Amino acid sequence: TTEPPTTEPPTTEPPTTEPPATQTPTPTAKPTPAPEETPTPSATPTPKPTATPTTAPTATPAPTASPSGIIVVKPEQLASGTAAVQVASDTTEIRLPADSSSKLKAEGLTIEGAGHAFELVIPAELLKQLESKIKASDSQTAYLSLKMNKLSGSEAAALAAKAGVNSAADVKALSDMYEFTLSAWTANGEAAVLSSFNVPVTLRFKLPATDGSKLYGIYYVADDGRLEYIGGKTENGEITAQIKHFSKYAVLEVKKSFADVAPSYWAHDLIAELAAKGIVKGTSSSAFEPKRSITRAEFASLLVNALKLEATKETAFKDVSSSAWYADAVGKAYAAGIISGRSAAVFDPNGLITREEMVSMLIKAYEILHGAAAAPSPQAGAEFTDLAKVAPWAVIPVKQAASLGLIQGRSSGQFVPKGISTRAEAAQLLYNLMLK
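For reference, each letter of the sequence shown is one residue, going 111 to 546 in the working numbering.
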């Protein structure tokens, strides 16, 4: 018997003008039998002869913002293989040599915002991707540019309000909102913008004091108000996520409520957190239907959405129409190996998913996130009095999920493998997988 998938139905500077450090030209020493003392009109003469005339080393200038808010990082500042640039509140752009990737170690470049408001870590591999857009004929005059624009308070508030309307939620900015752009420029003013990254950039924000809520994270905010939860690992007063493209980002608190999920309902908090992070959606803007049974296509869609799967593959399932709302999710779940169908040609998208089917798919999703799950111990799953009723193909996944703390039984210590799951139970499994 093959295992199933899940999906959820869609819901209703110019080179730097930094003055070169002016140095007082030292007279060229000429080899003479004895050092000559040159009288000076005002300074006290130093009669000590110089044994070996040497040129004083030139200090590497620190990156300095020009009056126009542009910082130019010079080649010698990358000589150590690492570079960290601290920007002022009025800095709008950092310019780098066109061959920066060859001078930097893998960790690349670190940019720290004024007042530690944000931090970017840009890998050398990403700069190399950008440099590939520069023509060989322009390599001597081109430069790399990172632009950063802090939106005004009113601009950020307006965009957050638009996001709230778009997602039928209460959206509040907990940090400044920044728009970042990474591009390569030639001397004649041509720009090549890097819109997607082969390797992720680390984005870190200072995290303001919160009321203990878990309904916040780092979000990408589109101009039309569409939100995308990027992530958010919190530590030492900061929140960090990996981003795959530049645009507008901020730490947002998103409060999404459903009329049919009361605050007293056992799954209220986890549904609210999953909805805030875009992992689950309602069946409409105001309903979640927590007690409704969930279909195989819906659960496959939930997993695809939670894992942000992108690769897809044509399936051999004759009952999955290319025009069905779940077709894309089924293709992605199939490509990722999360589903295989109830037979080679039948997926049964509208069939209700059983608990053992859900767990089988859940473990495959877990392995995408964390690598192969360890083989279960002989005692795993012993807490379930009906373990003998689990289908042979699902025994190991059920034991693995029990060992990992991803599942619990129902009443009387039973797992109820053939039982039908509800949307609330599916949400609990996703919470255990993604956020616990």
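For glycine and all other residues, C-beta sits at the position ideal for the given N, C-alpha and C. In this text the structure is predicted, and so the values were computed from the model without any measurement.
Are residue i and residue j closer than 8 Å when you measure CB to CB?
i: S395; j: M468; result: no
i: L317; j: E363; result: no
i: S255; j: R205; result: yes
i: M471; j: F427; result: no
i: T425; j: V440; result: yes
i: F356; j: T405; result: no
i: A268; j: V281; result: no
i: P486; j: Q518; result: no
i: L413; j: A501; result: no
i: L514; j: A534; result: no
i: Y436; j: A407; result: yes
i: N298; j: R336; result: no
i: A266; j: A246; result: no
Locate the beta strand (DSSP E) running through residue i, then write down its first and last residues.
i: A194; result: 193-196
i: L539; result: Where L539 is concerned, there is no enclosing beta strand (DSSP E), although the alpha helix (DSSP H) it sits in stretches over 533-544.
i: E229; result: 228-232
i: I180; result: 180-182
i: L214; result: Careful: L214 lies outside any beta strand (DSSP E) and carries neither H nor E.
i: I449; result: Element bounds for I449: n/a, residue is neither H nor E.
For residue i, collect the residues of the same chain with a Cβ closer than 7 Å to its Cβ; drop the 5 residues on either side in sequence, then sort them by chain order.
i: A537; result: A377, L380, I381, L384, V390
i: S210; result: L188, L237, L254
i: K354; result: S306, F307, P310
i: I328; result: L313, F315, I340, G341, G342, I349, A351, Y359, V361
i: L240; result: L254, L292, A294, L304
Just curious, the alpha helix (DSSP H) that residue i is in, first and last residue?
i: Y444; result: 437-445
i: R592; result: This structure gives no information on residue 592, because the portion of the chain shown stretches from 111 to 546.
i: V508; result: 502-514
Under 8 Å Cβ to Cβ from residue i, same chain only, skipping five residues before and after it: list those, please.
i: A445; result: L419, A421, T422, K423
i: I244; result: A208, A252, A294, T296, A302
i: T201; result: A175, G179, I180, I181, A224, M258
i: D496; result: Q524, F525, V526, P527
i: S431; result: A437
Residues in its own chain within less than 6 Å of residue i by CB, not counting five upstream and five downstream?
i: A416; result: I389, L540, M544
i: V371; result: H378, I381, F398, P400
i: P233; result: G218, V309
i: A153; result: For A153, the predicted structure reports a pLDDT of 46, less than 50, and the residue's modelled location is therefore unreliable. A value from the coordinates is still provided. Closer than 6 Å at the Cβ level, and outside the excluded window around A153, lies no residue.
i: A166; result: Bear in mind that the predicted position of A166 carries a pLDDT of just 43, short of 50, making it unreliable; the figure below should be weighed with that in mind. Here the set comprises nothing.
Rounded to the nearest angstrom, how far is the Cβ of residue i from that of residue j, given a contact under 8 Å?
i: M258; j: K358; result: Rounded, the Cβ-Cβ distance is 11 Å, inconsistent with contact.
i: G223; j: V197; result: 6 Å
i: A279; j: K365; result: 6 Å
i: A434; j: P459; result: 7 Å
i: V331; j: A369; result: Actually they are not in contact, since the Cβ atoms of V331 and A369 sit about 26 Å apart, beyond 8 Å.
i: E300; j: L261; result: The pair is not a contact, with the Cβ atoms about 27 Å apart (cut-off 8 Å).
Using 7 Å as the cut-off, classify the Cβ of residue i as near or not near the heavy atoms of the ligand FAD, replying yes or no.
i: Q489; result: Looking for the ligand FAD in the displayed structure turns up nothing, as the structure carries no ligands at all.
Residue i CB to nearest chain B CB: under 8 Å?
i: G529; result: Note that chain B does not occur in the displayed structure, where there is just one protein chain.
Practice task
Mind listing, in chain order, the continuous alpha helix (DSSP H) runs of no fewer than 4 residues lying wholly within the stretch 252-336?
Solution key: Listed in chain order, they are 263-277.
Which full runs of the beta strand (DSSP E) of 3+ residues lie inside the stretch 341-412, going along the chain?
-> Fully enclosed beta strand (DSSP E) runs of 3 or longer: 343-345, 348-353, 358-365.
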